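Reviewing the structure listed below.
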Amino acid sequence: MSESERVRLIRERLEEALAPQELAIRDESHLHVGHEGARDGRGHFHVTIRAEAFRGVNPIARHRMVFDAMGELMNTDIHALRIDAAPPSGDDS
Amino acid sequence: MSIDETIKEQIEGNDVLLYMKGTPDFPQCGFSAQTAQILKQFGIEFAYVNILEDQDLRERLKEVANWPTYPQLYIDGELVGGCDIVMEMYQSGELKEMLEKAVGKA
């Protein structure tokens, strides 16, 4: 599967599950070429996401919401996911 | 001992426990390295498990923890998070507070 295809899949899943107001997905796989985690062919990604769904939710639960949205992709396509998840407008409460 | 019992014993038996790839001195992954480095800065004793040495535990803990990646930091028997959350809590000062509480009452 091509890298851009993976980004598209991640975007689709997150949009469907969390209706984000802002969403940026960066493929960082090239930074990890040759390291242990890159060997199985899965990718490294960075997700910046702002969604109302995160309001009043603690960091660990926010990350779980993102992981849950990824579903099987975590096993098939994603090796590592850096997550910056918060409610919109920089309000972190 | 079953894998689940091993995991339970590890998590409950250590105030501060890091499941990581490699060891704090020889980490095998950038995120594990970063997380271990943060813990080292506090100068506290912390336990670690190199999940690369136990494939069954590595897979099972993802399910038990409901957390699909490593590293995983546990303080006082609770999953705190992976590298991003640990970094965030380090910067906000929350991590220091949690560690002081956990190690202080040991």
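Those sequence lines, one after another, are chains A and B. Everything in the first sequence is counted per my numbering, starting at 53 for the first residue and increasing by one. Everything in the second sequence is counted per my numbering, starting at 2 for the first residue and increasing by one. Glycine included, every Cβ here is placed at the ideal spot set by N, Cα and C. This structure is a prediction, so every number in the text was calculated from the model and none was measured.
Item                                                                                                                  : Value
Asp79(A) (DSSP reduced to helix, strand or coil)                                                                      : strand
Within chain B, partners of Ala132(A) - CB distance below 7 Å                                                         : Phe32 and Thr70
Interface flag, Ile52(B) vs chain A, CB-CB below 8 Å                                                                  : no
Boundaries of the beta strand (DSSP E) in which Ile45(B) is found, first to last residue                              : Where Ile45(B) is concerned, there is no enclosing beta strand (DSSP E), given that its DSSP letter is neither H nor E.
Among Val59(A), Pro72(A), Ser56(A) and Phe97(A), nearest to Phe106(A) - alpha-carbon criterion                        : Pro72(A)
C-beta neighbour in chain B for Met126(A), strict 8 Å                                                                 : yes
Any C-beta of chain A under 8 Å from that of Asp85(B)                                                                 : yes
Residue burial classification, Met2(B) (beta-carbon count within 10 angstroms, cutoff 16)                             : exposed
Residue burial classification, Asp5(B) (beta-carbon count within 10 angstroms, cutoff 16)                             : exposed
Segment contact, 8 Å Cβ cut-off, at least three pairs: the stretch 65-82 of chain B with the stretch 31-45 of chain B : yes
Among His98(A), Gly86(A) and Pro140(A), nearest to Arg63(A) - alpha-carbon criterion                                  : His98(A)
N- and C-terminal bounds of the alpha helix (DSSP H) containing Glu85(A)                                              : Residue 85(A) is actually Val in this sequence, not Glu. Here Val85(A) belongs to no alpha helix (DSSP H), and DSSP marks it neither H nor E.
Under 8 Å by beta carbon: chain A residues contacting Glu60(B)                                                        : Chain A residues near Glu60(B): none, gap ~10 Å exceeds 8 Å.
Limits of the beta strand (DSSP E) - the one that Arg134(A) falls within                                              : Ile130 to Ala138
Endpoints, alpha helix (DSSP H) assigned at Leu96(B)                                                                  : Glu95 to Gly105
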